[in-house]
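Novice: Sequential numbering of the sequence shown, starting at 7, is according to the numbering used here.
Built from N, CA and C at the ideal position, the CB exists for glycine as well.
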Amino acid sequence: MSVKSAVLGTVSVATIAFSGAVLPGPARAEGPQVLVQSTTSTQNSGLYDYMLPIYKKETGVTVNVVAVGTGQALKNGMNCDGDMLVVHAKSAELKFVKDGYGVDRHDLMYNDFVIVGPASDPAGIKGMADVEAALKKIVAKKALFASRGDDSGTNRAEMRLWKAAGIDPKTGSGGWYRETGSGMGATLNASVGMGAYTLTDRSTWISFKNKGDFGIDVQGDPRLFNQYGVMLINPKRCPSVKAKLATQFEDWLLSKHGQAVIAAYHVDGQQLFFPNPK
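#1: Output the boundary residues of the beta strand (DSSP E) element that contains Asp118.
#2: Just tell me which of Gln233, Ala252 and Leu251 has its CA closest to the CA of Ala98.
#3: Look up Ser197 in the DSSP assignment and say whether it is helix, strand or coil.
#4: Could you give the DSSP three-state label for Gln276: helix, strand or coil?
#5: Please name the residue or residues paired with Met237 in a DSSP beta bridge.
#6: Spatial neighbours of Pro30 within its chain, please: C-beta separation below 6 angstroms, excluding the five flanking residues on both sides.
#7: Quick one: is Ala252 buried, meaning 16 or more other Cβ sit within 10 Å of its Cβ, or exposed?
#8: For Ile40 versus Asn70, is the C-beta distance shorter than 9 angstroms?
#9: Is it the case that the stretch 123-136 contacts the stretch 208-223, given that we only count it when at least three CB pairs across the two stretches are under 8 angstroms?
#10: As an exercise, report each continuous alpha helix (DSSP H) stretch of at least 4 residues that is fully enclosed by the stretch 140-179, in chain order.
#11: If you draw a straight line from the C-alpha of Gly201 to the C-alpha of Leu150, how long is it?
#12: Please state whether DSSP places Val267 in a helix, a strand or coil.
#13: Tell me the DSSP secondary structure of Ala27 in three-state form.
#14: Could you tell me the distance, in whole angstroms, from the CA atom of Pro32 to the CA atom of Val247?
#15: Have a look at Ser44 and Ala73 and give me their C-alpha separation to the nearest angstrom.
#16: So, with DSSP's three-state summary, where would you put Phe255?
#17: Provide the residue(s) that pair with Thr65 in DSSP beta bridges, ordered along the chain.
#18: When the Cβ atoms of the stretch 190-205 are set against those of the stretch 52-62, are three or more pairs found closer than 8 angstroms?
#19: How many angstroms separate the CA atom of Ala269 from the CA atom of Thr160?
#20: Name the two residues that bound the continuous beta strand (DSSP E) containing Glu185.
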């Protein structure tokens, strides 16, 4: 069963941000620009709203961001749509580079995934640190679980966790397992509306304003580690790529100064991303 935008509220599947703010009407930023295909989590968390104005002030370069699921971001990169990527599905990123679509991939920063759910906790998983055991309890109780179902980095991580637990959640599709086909913010809205558990990155959860009676139930399992990577779209394959501007922004993100800017971003006193460039 697909839960579409009519149920999801006002959070869109894809957000296009220009230097941290959406420009009204047909207006376009002037001066040098670079286009980043990025995950929805970095956008929904507010990181770009905080970071990109700093970068523009320092360099005069406008960073335009298309925020979609990692799978779609990689597809967009394969179609030469953009100059660089910030995504979080490392095995897919390495394949993207191996296949010649990307170059110069680096680890950038990390946080973690958590499972959130309603206060009633129908599966009895609150306080657990074993994600596989928690998923098995959700299935045993046939408790509602909302999946992004959109081939995003979060969705890929979720499917890896189900597989490790020996569970095929698609057997419950349309019943206890609900696929939204939407971004993280929209899926959280759906989860709260349905009273369903869901897997989310911690940064989006901290920034999410419609929590209702939901809270974090499962956290702390090393298997919930969430690595983000940055890379350029290969200019040899895509001649339209602004390689110089993309390299400049990538270098800034990986620099000690860029790392400090990322680390300084907090919401409600909590650091959302932890730089670990290499």
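Specialist: Answer, in terms of the structure:
#1: From DSSP, the beta strand (DSSP E) with Asp118 extends over Gly108 to Gly123.
#2: Checked all of Gln233, Ala252 and Leu251; the closest Cα to Ala98 is Gln233.
#3: Correct three-state label for Ser197: helix.
#4: In this structure, Gln276 counts as strand in the three-state DSSP scheme.
#5: Residue pairing by DSSP places Met237 opposite Leu91 in a beta bridge.
#6: Reliability fails at Pro30, whose pLDDT of 41 lies under 50, so the model's placement of it is uncertain and the value that follows must be treated cautiously. Here the set comprises nothing.
#7: Classified as buried, Ala252 has 16 or more neighbouring CB atoms from the shown chains inside 10 Å of its CB.
#8: The question names Ile, yet the displayed sequence has Val at residue 40. Yes, these two residues count as a Cβ contact at 9 angstroms.
#9: Yes: at least three Cβ pairs fall under 8 angstroms.
#10: The stretch 140-179 contains these whole alpha helix (DSSP H) runs: 159-170.
#11: Going by C-alpha positions, Gly201 is about 7 angstroms away from Leu150.
#12: Three-state result, Val267: helix.
#13: With a pLDDT of only 38 at Ala27, under 50, the local geometry of the prediction cannot be trusted, and the value read off the model is given with reservation. Here Ala27 carries a strand assignment [DSSP, helix/strand/coil].
#14: Caution is warranted here: a pLDDT of 40 is assigned to Pro32, below 50, making its placement in the model unreliable, and the coordinate value is therefore given only provisionally. C-alpha separation (whole angstroms): 23 angstroms.
#15: Roughly 5 angstroms separates the two Cα atoms.
#16: Secondary structure at Phe255: helix, using DSSP grouped into helix, strand and coil.
#17: Residue pairing from DSSP leaves Thr65 without any beta-bridge partner.
#18: Verdict: no, contact absent.
#19: Looking at the two C-alpha atoms, the distance is approximately 21 angstroms.
#20: Per DSSP, the unbroken beta strand (DSSP E) holding Glu185 starts and ends at Tyr183 to Glu185.
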